[in-house]
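Protein chains in written order, with the working numbering: chain P, 1 to 289; chain U, 1001 to 1387. We put the beta carbon where it would ideally sit given N, CA and C, even for glycine. Taking it in order: structure first as structure tokens, then the write-up.
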Amino acid sequence: MAQAREIDPRPWYLLSPALLAIALLVVVPMSFILVYSFYENIDLGLDAPAFQFGNWRELLTDGYYHDAIWKTFRLSAIVTVLAAVLGYVPAYFIANTRFRHKWLLLLLLILPFWVSFIIRTLSWIHIMGNQGAINGLLLWLGVIDEPLPMMFNEFAVIVGFIHVFLPYMILNVYVSLEGIDRNLEPAARTLGCTPWQAFLEVTLPLSLPGLAAGCLLVFVLTAGSYVTPLILGGPDDFLFGNLIYDAVLSELNWPMGATLSFALLVLLGVVVVVYSRFMRLNQLSKAFG
Amino acid sequence: MKIDSTKRYEVLRERLGNGDVDRRTFFRLLGFAGMAAGVSGGVMTGLSRRALAAGTELHFEGWGGVVSEALRKHAFDPYEKKTGNTVIDATFGGEAEVLTKVRAAGSTDGHNILHSSGVSWYKRWVDAGYGTELNLANIPNVDNVMDSIMAPFRAITPDSLSAVPYDYGTTGIAYNTEHVSREQAEKLGADLLLAKELKGKIGGWGGDWANRAWYGALQSGQDPNDIEDWDAVWDKVREHRSLVLKYWSSGAELMDLLAKGEIWVTEAWSGRVAALQAQGHPIGYLDPKNGLAWMESMFVLKGSPMAEAEELLNFMLDPQTAIAVAEGQKYPPSLDPQKVAMTPVIEKLPAYDPTGKLAGLVFRDPDKWNPVEKQQRKAWNRIKKGA
């Protein structure tokens, strides 16, 4: 009988600080939230400890919440696809440029992070608003007679999300592209591929782990957002996060807010698990070299 | 001569610029300085020394924008100069936000004085156990406050007060005079918010269910302080929603939307509209019949340094300070015009009542509104999202 292999404990020693941090900062707080979801909200801001399933029943049976889940996943998917398409091109350019100071391009990419997320989001009002830069220019050129309605609708929300999350996509794809042997494309060309075929059949498949990681990141970040629709959206533009905001901050109903928060965590967890099944999550590590 | 770290850094940087030290030496010295600062406590030690010497810190939370600017300039800065205490002011989107933070933290640390809105919130803070007992002997300027504005607060806590009333105003209808005439506004009143020809140019305050319901009541022909048919109220709110471009969530956002012409009609806070008018924007303001009036107080939370808080409130209620703040934030002060002479600027402010009786203004009756709040607030949050 083969002797059982000894387990090397060193990875666990190395991982222990991270595991401890996750346990303290994620697992423990989420456990509190789960417990709180069974509490009962008596009045505004007044909760009673209990073990009842009223909040979960409401979530599972009320179409209002199901609509919000559908809207959230739909919008997240749109943002993810657009970010993937729009993000791949600059990532490819940065990875393949012969520009000596490539670090400068990467710096430009993370430069927006130095400005507050809220301010970056608000800036779109000055770009796409009635008196914003785009409408101002079009009116001045005589292309339009009255401002185009670009603000406070789903379009504005999508633009806002892509603006904020695009760097995450570009960085992931860039790291993946950087790890590809630069001789592979020329090799494919010598074997008869056109440049486009060489990209489609060599570079793109090899960069998929980075693209997959970027997509997962953008999807999860979008699905968990609530500020962007609040600032750039109209009355119809809201995500599941906005319902949590309402429950916690407006209705002061923490048990319901806890229920919705935990439900969102579970839903996004399911997305990650399903995604890892299809995309083989272990492949994502390749995106980071 | 003893020099501080900042001065030492500036001298070093100047020497680098002059070529007296090379870059490597500069960074090495900077590194050593950093290490020394870290070992000795450095910046934090300096800050804590300064904090100890600076007196008491009072944390204030208010509504932001022109209101915060007026309070900072005319009340907090002079108070700090006079007493050596520090007022750290922050902005909230609504008091529910503060209540959530306080509950989450399990303490009122970092929260002392709130620019609290209405009697309903006064009752909520007191009922939740966050009230205090102000020693009015330390706030002699409270004698100048209108009895009519003190009465609703005294009705809730007859034996003591946790707050002093500070200003009042109305939530009327603002309209862009380039697109809506004064005659049309006056003719339609509250129904101006339901004008179909203005679809996509109408706004509304999304943050307060009661404000929305108040206008729904007016539009459905009911007395807002005695609503009998809530379905009719919400039907009108749904009608309004179908015409709305954007529900705004702060005074700053309201002013931005109106100033940029994104919306032409919305209900609005009187002081914010007066501020826009002062800036030269073509915005008219209408208080419809039975329009909503409200009063704001400076609420002192449990656990605050009471002597310093009372000192600040007394300073803020000093006629000179209160009038300067009122002119800045464009809301009339709580001072009684029969006792304190008001300036021409105050006398022209929307909602200003020269009698000091406030008899012409309709306030929210907490006995009617508070009992239905849990249910109707939830209803509003859903209707706002199209349910």
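C-beta neighbour in chain P for residue i, strict 7 Å
| i | result |
| --- | --- |
| Gly1042 of chain U | In this prediction, Gly1042 of chain U has a pLDDT of 45, which is less than 50 and means its spatial position is unreliable; what the coordinates show is noted afterwards. No, Gly1042 of chain U lies away from the interface with chain P (no Cβ there is under 7 Å from its Cβ). |
| Ala1326 of chain U | no |
| Leu1301 of chain U | no |
| Val1387 of chain U | Here residue 1387 of chain U is Ala; the residue named in the question, Val, does not match the sequence. Output row for Ala1387 of chain U: interface = yes. |
| Val1244 of chain U | yes |
| Lys1236 of chain U | no |
| Lys1374 of chain U | yes |
| Asp1367 of chain U | no |
| Pro1371 of chain U | no |
Residue i: contacting residues in chain P (beta-carbon distance under 9 Å)
| i | result |
| --- | --- |
| Tyr1247 of chain U | Gly234, Pro235 |
| Arg1241 of chain U | Pro235 |
| Lys1384 of chain U | Pro235, Phe238, Asp246 |
| Ala1195 of chain U | Within chain P, no residue comes near Ala1195 of chain U; the closest Cβ sits about 17 Å away, beyond 9 Å. |
| Ala1128 of chain U | Gly45, Leu46 |
| Arg1212 of chain U | Neighbours of Arg1212 of chain U on chain P: none; closest Cβ ~12 Å, over 9 Å. |
| Arg1072 of chain U | Residues of chain P passing the Cβ test: none, with the nearest at roughly 21 Å. |
Sheet register partners of residue i (DSSP bridge)
| i | result |
| --- | --- |
| Asn1370 of chain U | DSSP output for Asn1370 of chain U lists no bridge partner at all. |
| Leu46 of chain P | P:Asp43 |
| Trp1248 of chain U | U:Trp1205 |
| Glu1061 of chain U | U:Ala1090, U:Leu1114 |
| Gly1284 of chain U | U:Tyr1175 |
| Ser1297 of chain U | U:Ser1116, U:Pro1165 |
| Trp1269 of chain U | U:Thr1171 |
| Phe1363 of chain U | U:Ala1293 |
| Pro1333 of chain U | U:Asp1167 |
| Val1145 of chain U | U:Leu1335 |
Listed by chain order, chain P residues near residue i by CB distance under 7 Å
| i | result |
| --- | --- |
| Lys1260 of chain U | Gly129, Asn130, Gln131 |
| Ala1096 of chain U | Leu249, Ser250, Leu252 |
| Arg1154 of chain U | Ordered by position in chain P, no residue passes the 7 Å Cβ test against Arg1154 of chain U, which lies about 23 Å from the chain. |
8 Å contact criterion, which residue i and residue j should meet: CB distance rounded
| i | j | result |
| --- | --- | --- |
| Leu1161 of chain U | Gly1203 of chain U | About 36 Å; that fails the 8 Å criterion. |
| Thr1355 of chain U | Glu1267 of chain U | Their Cβ separation, rounded to whole angstroms, is 25 Å, which puts Thr1355 of chain U and Glu1267 of chain U out of contact at 8 Å. |
| Leu252 of chain P | Leu1099 of chain U | 7 Å |
| Ala1387 of chain U | Trp1234 of chain U | 10 Å between Cβ atoms; not a contact. |
| Ile170 of chain P | Pro90 of chain P | 5 Å |
| Ser1250 of chain U | Gly1064 of chain U | 7 Å |
| Met256 of chain P | Ala263 of chain P | Not really, about 10 Å apart at Cβ, beyond 8 Å. |
| Ser1334 of chain U | Asp1231 of chain U | Actually they are not in contact, since the Cβ atoms of Ser1334 of chain U and Asp1231 of chain U sit about 37 Å apart, beyond 8 Å. |
| Ser1057 of chain U | His1115 of chain U | The question names Ser, but residue 1057 of chain U in the sequence shown is Glu. Not a contact, Cβ separation roughly 18 Å. |
| Ile1113 of chain U | Ala1326 of chain U | Actually they do not touch by this definition, with Cβ atoms about 18 Å apart. |
| Ser37 of chain P | Thr259 of chain P | 4 Å |
| Leu208 of chain P | Tyr275 of chain P | Contact flag wrong, Cβ pair sits at about 13 Å. |
| His1074 of chain U | Ala1324 of chain U | 4 Å |
Residues that residue i contacts on chain U, provided the C-beta gap is smaller than 7 Å
| i | result |
| --- | --- |
| Glu251 of chain P | Arg1377, Lys1378, Asn1381 |
| Phe161 of chain P | Those within 7 Å of Phe161 of chain P in chain U number zero; the least Cβ separation is about 18 Å. |
| Leu230 of chain P | Ser1249 |
Neighbour list for residue i in chain P, Cβ cutoff strictly below 8 Å
| i | result |
| --- | --- |
| Gly1200 of chain U | Pro149 |
| Leu1099 of chain U | Gly45, Leu252 |
| Arg1182 of chain U | By Cβ distance, chain P contributes nothing, its closest Cβ being about 23 Å from Arg1182 of chain U, past 8 Å. |
is_contact[residue i, chain U] using C-beta, thresh 7 Å
| i | result |
| --- | --- |
| Leu34 of chain P | no |
| Asp62 of chain P | no |
Chain-ordered chain U contacts of residue i [CB-CB under 9 Å]
| i | result |
| --- | --- |
| Phe38 of chain P | Simply none; closest approach about 18 Å. |
| Leu59 of chain P | Near Leu59 of chain P there are no residues of chain U at all, since even the closest Cβ is about 14 Å away, more than 9 Å. |
Closer than 8 Å at the beta carbon, the chain U residues around residue i
| i | result |
| --- | --- |
| Phe152 of chain P | Leu1245, Lys1246, Glu1262 |
Legend entry - Contact the segment 1364-1379 of chain U vs the segment 233-240 of chain P: 3+ CB pairs below 8 Å: Judged by Cβ distances under 8 Å, the segment 1364-1379 of chain U makes no contact with the segment 233-240 of chain P, as fewer than three pairs qualify.
Legend entry - Sufficient close CB pairs (3 or more, under 8 Å) joining the segment 74-86 of chain P to the segment 143-161 of chain P: The segment 74-86 of chain P, when compared against the segment 143-161 of chain P, does touch it at the 8 Å Cβ threshold.
Inset, instruction - Could you tell me whether the segment 1069-1087 of chain U touches the segment 1308-1321 of chain U, using the rule of 3 or more Cβ pairs below 8 Å? - result: Between the segment 1069-1087 of chain U and the segment 1308-1321 of chain U there are three or more C-beta pairs closer than 8 Å, enough to call the two in contact.
Inset, instruction - Determine contact between the segment 1228-1243 of chain U and the segment 1163-1179 of chain U, defined as no fewer than three beta-carbon pairs at a distance below 8 Å. - result: Contact annotation: the segment 1228-1243 of chain U does not touch the segment 1163-1179 of chain U, with fewer than three C-beta pairs closer than 8 Å.
Legend entry - Segment contact, 8 Å Cβ cut-off, at least three pairs: the segment 1182-1190 of chain U with the segment 1293-1307 of chain U: No, the segment 1182-1190 of chain U does not touch the segment 1293-1307 of chain U.
Inset, instruction - Evaluate contact between the segment 1268-1275 of chain U and the segment 1343-1360 of chain U, counting only Cβ atoms and requiring at least three cross-stretch pairs below 8 Å. - result: At 8 Å Cβ cutoff, the stretches touch.
Inset, instruction - Pair every Cβ in the segment 124-131 of chain P with every Cβ in the segment 39-59 of chain P, then say whether three or more of these pairs are closer than 8 Å. - result: Segments in contact, no.
Inset, instruction - Tell me, please, whether the segment 53-60 of chain P touches the segment 185-201 of chain P by the rule of three or more beta-carbon pairs shorter than 8 Å. - result: Flag = no, the segment 53-60 of chain P and the segment 185-201 of chain P do not touch.
Inset, instruction - Could you tell me whether the segment 1282-1294 of chain U touches the segment 1358-1365 of chain U, using the rule of 3 or more Cβ pairs below 8 Å? - result: At 8 Å Cβ cutoff, the stretches touch.
Legend entry - Inter-stretch contact (C-beta, 8 Å, three-pair minimum) for the segment 1207-1224 of chain U and the segment 1276-1285 of chain U: Counting Cβ pairs under 8 Å, fewer than three are found: no touch.
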